[in-house]
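In my numbering, the protein residues as written are 1216 to 1616. Don't be surprised by glycine CBs; every beta carbon is placed ideally from N, CA and C.
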Ligand SMILES: Cc1cc2nc3c(=O)[nH]c(=O)nc-3n(C[C@H](O)[C@H](O)[C@H](O)COP(=O)(O)OP(=O)(O)OC[C@H]3O[C@@H](n4cnc5c(N)ncnc54)[C@H](O)[C@@H]3O)c2cc1C
């Protein structure tokens, strides 16, 4: 049998956009929001039927801290707006001290972080993007970048309506897997993952707490883990690690995760919990990121002249990072930008860059950079860091720690 087939088909050309964002996780949402607020005609393409990516569909409902764990806020702008939105309708546990702006923080170690309800957050995100004039396309896969040399002229999408082509001036890849960048030929770095499977449910204790306190938030805070934690504890002995890009492997990741949870339920978990939601996407932390003009490796305390925003460390207290502009692009590709867990990062840097606040931060920076590229007719590598910083600062982003 032949190794390849060659496919030729006519694809209808649809409406043109200034900016197309592929992927509606927190990074894609921040990117589309930033672009639209800068006046760009923006479309967001999401392959599932809800916004939020891992944070909602993936049931990862803990917004890691925006602060440094020593009382100082690090990550602001859309990252902070989204944290507030995630708890705007209740269901959160944001420490009260962080809701009183400008006052000294009585307990600096209490972090600016919260649990949230994934369903309510997804609904609020939908409303936010619509209010900001983003063309939202659900249940549509951004499948291929159309390339003219190193320039991307637009995206081919797939949906029940068929295959379509949308021209665009700038494309932001926020797919979490660098699908678009990798297919465009941008060099990428591969990640590895332990087997993790987290579901949501309630326990007799959480129901009692909710009833006793008349606060439904207690129904929101029971996660059930099968497999490994962040550090590999619980990864089944003898099982290989997962890259998560080849579909055989990704499907195996999901199959094994589901089997492990069912085994736990059979072994007695059923007496303690009632599951009500399974993750709608693979809970892979790091699959693929781009190799950009710069790579963030997580150097604590390093000042970056071309910083696009500051971050703390969710794993520990008192660390300070600045993310450089060059993580968003590979200069050979003039109009492609990365956002979220696929920005150019390595080692500790990838751990810091991949979580919800930092994904929103790089998303906002990418959307802002796109507006400058379009407004000034520049390639990604030509935009001035101080111009990106000026716009980000105007929108409340803290650039330096
Ligand atoms: C097990 C686990 C635990 C975690 N725990 C935490 C935690 O407690 N707190 C925290 O802050 N972070 C945590 N994280 C990290 C965090 O959830 C994610 O890294 C972050 O939400 C990434 O956001 P993103 O927008 O970059 O990517 P994603 O959330 O992956 O979003 C990508 C979006 O793009 C869509 N998409 C993908 N491909 C296409 C395509 N071709 N076309 C159209 N749409 C596409 C997807 O459906 C998805 O909506 C955890 C991650 C994992 C896996």
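Give the single residue among the options whose Cα lies nearest to the Cα of residue i.
i: residue 1609; options: 1229, 1253 and 1220; result: 1253
i: residue 1435; options: 1458, 1427, 1491 and 1341; result: 1491
i: residue 1477; options: 1499, 1442 and 1251; result: 1442
i: residue 1438; options: 1488, 1395 and 1233; result: 1488
i: residue 1530; options: 1217, 1567, 1561 and 1584; result: 1567
i: residue 1604; options: 1547, 1228, 1597 and 1524; result: 1524
i: residue 1533; options: 1221, 1264 and 1285; result: 1285
i: residue 1312; options: 1482, 1329 and 1304; result: 1329
i: residue 1544; options: 1315, 1224 and 1397; result: 1397
i: residue 1484; options: 1440, 1218, 1314 and 1521; result: 1440
i: residue 1521; options: 1292, 1538 and 1573; result: 1538
i: residue 1551; options: 1505, 1299 and 1406; result: 1505
i: residue 1612; options: 1331, 1573, 1314 and 1383; result: 1573
i: residue 1495; options: 1255, 1223 and 1269; result: 1269
i: residue 1394; options: 1222, 1555 and 1571; result: 1555
i: residue 1451; options: 1474, 1326 and 1565; result: 1474
i: residue 1302; options: 1321, 1320, 1348 and 1339; result: 1339
i: residue 1353; options: 1322, 1255, 1265 and 1499; result: 1265
i: residue 1456; options: 1363, 1409, 1427 and 1421; result: 1409
i: residue 1222; options: 1586, 1344, 1378 and 1601; result: 1378
i: residue 1510; options: 1547, 1558 and 1553; result: 1558
i: residue 1507; options: 1227, 1565 and 1322; result: 1565
i: residue 1314; options: 1299, 1587 and 1323; result: 1299
Tell me whether residue i counts as near ligand 1, meaning its Cβ is closer than 6 Å to at least one heavy atom of that ligand.
i: residue 1411; result: yes
i: residue 1394; result: yes
i: residue 1261; result: yes
i: residue 1264; result: no
i: residue 1498; result: yes
i: residue 1514; result: no
i: residue 1313; result: no
i: residue 1277; result: yes
i: residue 1448; result: no
i: residue 1397; result: no
i: residue 1571; result: yes
i: residue 1387; result: no
i: residue 1555; result: yes
i: residue 1577; result: no
i: residue 1335; result: no
i: residue 1302; result: no
i: residue 1269; result: yes
i: residue 1179; result: Beyond the ends of the chain as shown, which are 1216 and 1616, falls residue 1179; an answer cannot be given.
i: residue 1390; result: yes
i: residue 1401; result: no
i: residue 1339; result: no
i: residue 1241; result: yes
Please look up how many angstroms separate the CB atoms of residue i and residue j, rounded, as I've assumed it's under 8 Å.
i: residue 1684; j: residue 1403; result: Here the chain comprises residues numbered 1216 to 1616, so residue 1684 is not present and cannot be evaluated.
i: residue 1514; j: residue 1249; result: Contact doesn't hold; Cβ gap of about 26 Å is too wide.
i: residue 1424; j: residue 1433; result: 4 Å
i: residue 1598; j: residue 1581; result: In fact, because the Cβ distance is near 11 Å, the residues do not count as touching under 8 Å.
i: residue 1234; j: residue 1385; result: 5 Å
i: residue 1267; j: residue 1336; result: 6 Å
i: residue 1431; j: residue 1306; result: 7 Å
i: residue 1526; j: residue 1493; result: Contact doesn't hold; Cβ gap of about 31 Å is too wide.
i: residue 1615; j: residue 1518; result: 7 Å
i: residue 1229; j: residue 1380; result: 6 Å
Would you decide whether residue i is buried or exposed? Buried here means 16 or more other CB atoms lie within 10 Å of its CB.
i: residue 1244; result: buried
i: residue 1413; result: buried
i: residue 1448; result: exposed
i: residue 1465; result: buried
i: residue 1454; result: exposed
i: residue 1346; result: exposed
i: residue 1462; result: exposed
i: residue 1333; result: buried
i: residue 1560; result: buried
i: residue 1392; result: buried
i: residue 1569; result: buried
inquiry  = Using 8 Å as the cut-off, can you tell me whether the stretch 1349–1363 makes contact with the stretch 1372–1388, which would need three or more C-beta pairs spanning the two stretches below that distance?
reply    = yes
ask   = Taking three-plus beta-carbon pairs below 8 Å as touching, is the stretch 1592–1611 in contact with the stretch 1273–1287?
value = no
message = Across the stretch 1227–1242 and the stretch 1259–1267, are there enough close Cβ pairs to call them in contact, namely three or more that are closer than 8 Å?
response = yes
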